[in-house]
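> Chains as they are written, first to last, in the working numbering: chain R, 2 to 295; chain Z, 17 to 300; chain E, 142 to 533; chain S, 2 to 436.
The structure under discussion is supplied below as structure tokens; questions concerning it will follow.
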């Protein structure tokens, strides 16, 4: 009992952060599944969603600003795709990755300029930040909401992918880009929808994340973004449930590591996990193995 | 030059390649003798290129062995998950697992070309050929970077040999052109020249005549015969142009759906009912 | 492609030309102006604090825009450069100041960048006055570096004494990896606190970390009596948030960085117990307080840089003092030449400052013996003076 | 187009003259320009630019010439910087530097020992040996990391190397290693050069080595791997061995670059060696042209000069005499990021593409300049015309595509099979046991 009670706060924190990583990771895994691109800018879209909220809340009510934040993230994400990725679609893979890194650099620097480099405090959403007691642990409401909301959204997303026409198109495109385009699937539309879903979820993730960790600065998106990407690889890139499971595992492990006193290595640990999975099972937990065609 | 049927340079024994549940190559047995030109034909998806990949170490065959110059260099048997899902024959006949990476196979004297031409885009014609001689260099990386006497000697020799080779394949004039700026036919020639530069004893050609008109393929046929003689080679080639295959091959193997349906000389194959069925289908 | 190359090259030449012609003087005095360099972070981890410190300097410049050396009155111009709170950028930022011909340099907030820049100032022979960089290494090996604040060994001991006297026996110490300020303060606190008989649990968090859940949980798990975290304002805000969420149940103790209106804003409406040591207490010098507040109300940029309200941070007062010390040094030197200023500094004695008189000891540190202890009134969200605490 | 041709000897002489001029220039610049002069920034940019040029070229060797997208550069520089610093802190300063670790575990300095016994020669030797040592240690670590990591393909390799860089960073900040690394605190007071020529010379030699390597038979093997791994392997190139070679050599020079950076900065800590630093180096490579050594060098100097010197005014309020409210801290970086995005999107070749500097090219360019300038208006006109035509063609093609799509949709609707599916597997990670 004492073991559980002493570790409960860490596990709770881990589940919460895991859920938030999961919402970001879905964007990575879907984009990768379709474009084979690590969208390095995704973490910064997430950061920008948080930042915009800080400014929006001063002029409109909470519910409206949450909606606006989601719309903003979607617009930002799809614009990035149109401007920075689409023209390079036939270019070598390295170019499009460099473009992604460039966009990330730009988003961070614009944020730096606008905020003046200062950390902004996220508006408090009182019902999310209410303190609750769970057994021996005390935590915020958002800790409890996050996993539930994450799972609901993911179940919805999986249904969308498996049972709708656009979902089918997405699966087809992720399996075989060229053939599906020849089969009459509108690739651009599928990609746009992918970005819409990915960025929308990242925006929801940002509301949850920043309600929990309230400081936002231009670099706030970098680490969560990288960790979410690792989660996506861990779960098997291209697989939505895989990304979610990977995110929860990473979130919980990270907090247990901190609880065990290895705080210096809490970030590094995520990458150790990444390298181990790449060595042992490079396709991730739920990934499919394919074979190189010569 | 006549093939020497007493010397066997390469043998495939029961080569089977299974991907998941699909058997791409099913129990292929094939021999190549010295100075022989062997054809490997079959409809699309018959497993010809997969067989090439098994020989050159790109894939690890699921079952069977490859013998080169009398030595078993690749051997495998169904293991792990494959043990239960294996659909081919001769399970249990092979007990060793011997893999070889493509570069090692090349060093043993087996060179290949590719169905979809794979030249080094960022390099000139001459560099493409010189690259293929890289594996035989004795200079160390530091010697190479510091242009040591050995490195300079080797570099000069390499260049000389490469130019010599380019003359033989009629690409000398194009030596400083970028490889991708060559016309299609010449790219094919370059790919063969590049393979020859590795000093092979066996040359594997994957559809060398693809996309060529009758005149061009006729030239290619002569070219292949010529290089066999000049370089003292054995050749195993995949080809769809029946004219080419029938014209130069000493022996032909026919694959369909991974399986081997016939083998024999050109004449035997042309009259084989199974082959005719595979290519033309049968009237119901 | 050639065209692009040509374009770039010509651009390159034009730029070099422009910069070259921008003109620069070697003496520090250019006609009627004297330049004083402000070496502060405007972005990065210490951006918030750096801006508040710069505010003090700017206000000083507004109050006293000229200095009379000999018989001549010179305009004082501030040359402000952003060191980005980053050691690797600090060197070039410092070089930028030196190249623009400043007579002396003020700053920086955050010790690490000051340590990194010390060599540059040393090589150029330009004196620098640290405003609130409290790490001993800043002045230790650099004859050009002086400072007007107290040091970490002093502050750490003061905090340890305060904690021990308040009956705390076990302290949780949190510092940031690679941050000389917090690592130093934790270290000196640990030394003093264990010498008094206390017990210490020490942990560090990595760069860019915003998740302090586990650290607060660790402190609770280990049964500590006090949460000591002398870290940056950025981290402070997040720590307060988590402490509130998890009902930390122990006082939070911190150094001078936490003395900021952003901390009080975050703590407002909570039941936390936050105690800090600092250089100045608002109300210590009403005339200064009123003046600077009026200025901030007028100047919207200044207000934004102060975090949106006019609550005074101690570093702002220190910035003001540093500027005044700089002017006195110029007067004492009788010239704007960095070498003369450097020669005048050790024997300088400045009185009538906001945060107390300044004299320098042989290493160039200010002789300070007392620190202000303040406590956050979480109901109102303001700092309240507790006492003056000395090291002994 | 008239081309200038020079014989080999002339080129060699010119190159030697050029190098001598650069070295002399950097020596004199450091000696002559006083610290408080406006032009002093020139020396700072020269030093930092040379270091970044070396690191960028070493990254280009991997990314541009071998086709390995590695993002571990900052991590390797970190090790190089630390190794150099740890072994050159004078004994007397140890108590001061390692103040939280009782003076640290190492109580000697290579530089001090050598300059004690060999005088001025020992002083330079004492700096050179730790620099090379730093490179070698980094090379060893890269070798070990390479064994698992280099089997991965493109983006997986990128993310894995990036991960290793983060792990290395955490490792160097670990308190348990404090007596050696000083934990997360700064290392300082170590030996450093006294004239820019030192940095410039080492960077020059290193870059020359990489350039010669690229022009050797090994360089051809690297390029072959970049162009087509499978074909390279089929031509007898041992993929793993050559990737490992490129990785180790690139890392060696990243380590040397790290050591030089430590000397340049005067203090070193693990915190600034972030992924952002790697990204900056990558962007330098992109600006210069992926696959061009001279491009990387030009890119490095442009990057440092702009970010540290020329564009500073954009942060301070006045730039080139223009004063604007927009010029607040951070604006410089925004402008910079926009320029980089423009290059990535519209001039993907960078400044040099895959071309290299040559005396012939330079002289021809100058010779043809007047003619080109004269011909420029006509050329532009032709270009505009061509663009117009291309646009029209594009439009027609689009209409055609639309029609095709409608056709195939109709076909698909009627259940007709369009063609045999053609699998594309270029993105897949393939693991093969090398026995």
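Beta carbons: idealized from backbone N, C-alpha and C, even for Gly.
In this text the structure is predicted, and so the values were computed from the model without any measurement.
With respect to 7 Å, is the separation between the Cβ of residue 102/Z and the closest non-hydrogen atom of the ligand GDP below this value?
Among the ligands in the structure shown, none appear at all, so the ligand GDP cannot be discussed.
> Sort out for me which residues DSSP pairs residue 511/E with in a bridge.
Residue numbering aside, residue 511/E sits at position 370 when the third chain is read from its first letter. According to DSSP, which records beta bridges pairwise, residue 511/E is partnered with 531/E.
> Taking DSSP as the reference, what is the three-state secondary structure of residue 245/E?
Within the third chain, the letter at position 104 stands for residue 245/E. It is a strand residue.
> Considering only residues of the same chain and omitting the five flanking positions on each side of residue 256/S, which have a CB-CB separation below 8 Å?
To locate residue 256/S, count along the fourth chain from 1; it is residue 255. Excluding sequence neighbours, residue 256/S sits near 77, 78, 80, 81, 84, 135, 136, 137, 138, 139, 140.
> Going by DSSP, what residues sit across from residue 534/E in a beta bridge?
In the structure displayed, chain E extends from 142 to 533; residue 534/E sits before or after that span and is not available.
> For residue 419/E and residue 32/S, I'd like the C-alpha separation in whole angstroms.
Working through the third chain from its first residue, we reach residue 419/E at position 278. Working through the fourth chain from its first residue, we reach residue 32/S at position 31. When rounded, the distance between both Cα atoms is 44 Å.
> If I'm right that residue 26/Z touches residue 84/Z with Cβ under 8 Å, what's the distance once you round it to whole angstroms?
Reading the second chain from its first residue, position 10 is the one you call residue 26/Z. Reading the second chain from its first residue, position 68 is the one you call residue 84/Z. Indeed, because the Cβ distance is near 5 Å, the residues count as touching under 8 Å.
> For residue 190/R, which of helix, strand or coil comes out of DSSP?
The residue given as residue 190/R occupies position 189 in the first chain. The answer is helix: DSSP assigns residue 190/R an H, G or I state.
> Tell me which residues of the stretch 352 to 370 of chain S have at least one Cβ-Cβ distance to chain Z shorter than 8 Å, keeping chain order.
Per Cβ criterion, the list reads 355.
> If the cut is a Cβ gap below 7 Å, which residues of chain R does residue 174/S touch?
If you number the fourth chain from 1, residue 174/S lands on position 173. In chain order: 265.
> With a threshold of 8 Å between beta-carbons, can residue 183/S be considered close to chain E, or not?
As a position in the fourth chain, residue 183/S is number 182, starting the count at 1. It does not: the Cβ of residue 183/S has no partner Cβ on chain E nearer than 8 Å.
> Confirm, please, whether the CB-CB distance from residue 285/S to residue 304/S is below 8 Å.
Within the fourth chain, the letter at position 303 stands for residue 304/S. Within the fourth chain, the letter at position 284 stands for residue 285/S. A contact, by the Cβ cut-off of 8 Å.
> Residues of chain E with CB closer than 9 Å to the CB of residue 317/S, please, in chain order.
Locating residue 317/S in the fourth chain gives position 316, where the first residue counts as 1. The answer, in chain order, is 220, 221, 222, 223.
> Using a C-beta to C-beta distance shorter than 7 Å, which residues of chain R count as neighbours of residue 335/S?
To locate residue 335/S, count along the fourth chain from 1; it is residue 334. Chain R residues near residue 335/S: 110, 111, 114.
> Quick one: give me the first and last residue of the alpha helix (DSSP H) that residue 143/S is part of.
Residue mapping note: residue 143/S aligns to position 142 of the fourth chain, counting from 1. Here the alpha helix (DSSP H) through residue 143/S covers 111 to 150.
> Roughly how far, in whole angstroms, is the beta-carbon of residue 143/R from the beta-carbon of residue 17/R, given that I think they are within contact range, below 8 Å?
For the purposes of this step, residue 143/R is taken as the residue at position 142 of the first chain. For the purposes of this step, residue 17/R is taken as the residue at position 16 of the first chain. With a Cβ gap of about 7 Å, residue 143/R and residue 17/R count as contacting.
> Taking buried to mean at least 16 other C-beta atoms within 10 Å of its own C-beta, is residue 189/R buried or exposed?
Here residue 189/R refers to the residue found at position 188 when the first chain is read from its first residue. That one is exposed.
> How many Å lie between residue 186/S and residue 319/E at the Cα?
Residue mapping note: residue 186/S aligns to position 185 of the fourth chain, counting from 1. Residue mapping note: residue 319/E aligns to position 178 of the third chain, counting from 1. When rounded, the distance between both Cα atoms is 5 Å.
> Using a Cβ-Cβ cut-off of 7 Å (strictly less than) and excluding sequence neighbours within five positions of residue 233/Z, which residues of its own chain qualify?
The residue you call residue 233/Z lines up with position 217 of the second chain. Here the set comprises 225, 257, 259, 260.
> Given this structure, state the Cα-to-Cα distance separating residue 70/Z from residue 282/R, to the nearest angstrom.
For the purposes of this step, residue 70/Z is taken as residue 54 along the second chain, with counting starting at 1. For the purposes of this step, residue 282/R is taken as residue 281 along the first chain, with counting starting at 1. Cα-Cα distance, rounded: 24 Å.
> Would you identify the three-state DSSP class for residue 256/Z, choosing helix, strand or coil?
The count along the second chain starts at 1 and reaches residue 256/Z at position 240. Note: residue 256/Z maps to coil in three-state DSSP.
> Tell me which residues share the same chain as residue 34/S and place their Cβ nearer than 8 Å to its Cβ, disregarding the 5 neighbours each side in the sequence.
The residue you call residue 34/S lines up with position 33 of the fourth chain. The residues are 40, 41, 43, 44.
> Counting only beta-carbon separations shorter than 8 Å, does residue 58/S have a partner in chain R?
Counted from its first residue, the fourth chain places residue 58/S at position 57. Chain R contact via Cβ: absent.
> Could you tell me which of 86/S, 7/S, 323/S sits nearest to residue 129/S, measuring between CA atoms?
Position 128 of the fourth chain, counting from 1, holds the residue named residue 129/S. Selected option, being the one with the closest Cα: 86/S.
> Considering residue 308/S, what are the terminal residues of the beta strand (DSSP E) in which it resides?
The count along the fourth chain starts at 1 and reaches residue 308/S at position 307. From DSSP, residue 308/S is part of no beta strand (DSSP E); its letter is neither H nor E.
> Could you tell me the alpha carbon to alpha carbon distance between residue 197/E and residue 496/E, rounded to whole angstroms?
Taking the third chain and counting its residues from 1, one reaches residue 197/E at position 56. Taking the third chain and counting its residues from 1, one reaches residue 496/E at position 355. Between residue 197/E and residue 496/E, the C-alpha separation is close to 12 Å.
> Helix, strand or coil, according to DSSP, for residue 317/E in the structure here?
Numbered from its first residue, the third chain carries residue 317/E at position 176. Reduced to three states, the DSSP call for residue 317/E is strand.
> By the 7 Å beta-carbon criterion, what residues does the stretch 368 to 394 of chain E contribute toward chain R?
Listed by position, the residues of the stretch 368 to 394 of chain E near chain R (Cβ gap below 7 Å) are 375, 378, 379, 382, 386, 387, 388.
> Are the CB atoms of residue 500/E and residue 490/E within a distance shorter than 8 Å?
Translated into the one-based positions of the third chain, residue 490/E becomes position 349. Translated into the one-based positions of the third chain, residue 500/E becomes position 359. Yes, they are a contact pair.
> Ignore the nearest five residues each way along the sequence and tell me which others in residue 144/Z's own chain have a CB closer than 7 Å to its CB.
Residue mapping note: residue 144/Z aligns to position 128 of the second chain, counting from 1. Excluding residues within five positions, the ones whose Cβ falls inside 7 Å are 135, 136, 195, 206, 210.
> Taking a cut of 9 Å between CB atoms, which residues from the stretch 16 to 33 of chain R lie near chain E?
So the close ones are 17, 18.
> Give the residues of chain R in contact with residue 144/S, contact being defined as C-beta atoms less than 9 Å apart.
The residue given as residue 144/S occupies position 143 in the fourth chain. Under the 9 Å cutoff, chain R gives no residues; its nearest Cβ is about 16 Å from residue 144/S.
> In chain R, which residues lie less than 8 Å from residue 274/S when you measure between Cβ atoms?
Taking the fourth chain and counting its residues from 1, the one referred to as residue 274/S is at position 273. Here the premise fails: no neighbours, minimum Cβ distance about 13 Å.
> Relative to the alpha-carbon of residue 274/E, which residue among 333/E, 207/E, 194/E has its alpha-carbon at the smallest distance?
Along the third chain, read from residue 1 onward, the residue named residue 274/E stands at position 133. When only C-alpha atoms are compared, the closest one is 194/E.
> What residues in the stretch 54 to 83 of chain R have a beta carbon less than 7 Å from any beta carbon of chain S?
Correct list: empty, as no residue qualifies.
> Measure the C-alpha to C-alpha separation of residue 441/E and residue 69/R and round it to an integer number of angstroms.
Within the third chain, numbered from 1, the residue matching residue 441/E stands at position 300. Within the first chain, numbered from 1, the residue matching residue 69/R stands at position 68. If I take the Cα positions, the gap works out to 28 Å.
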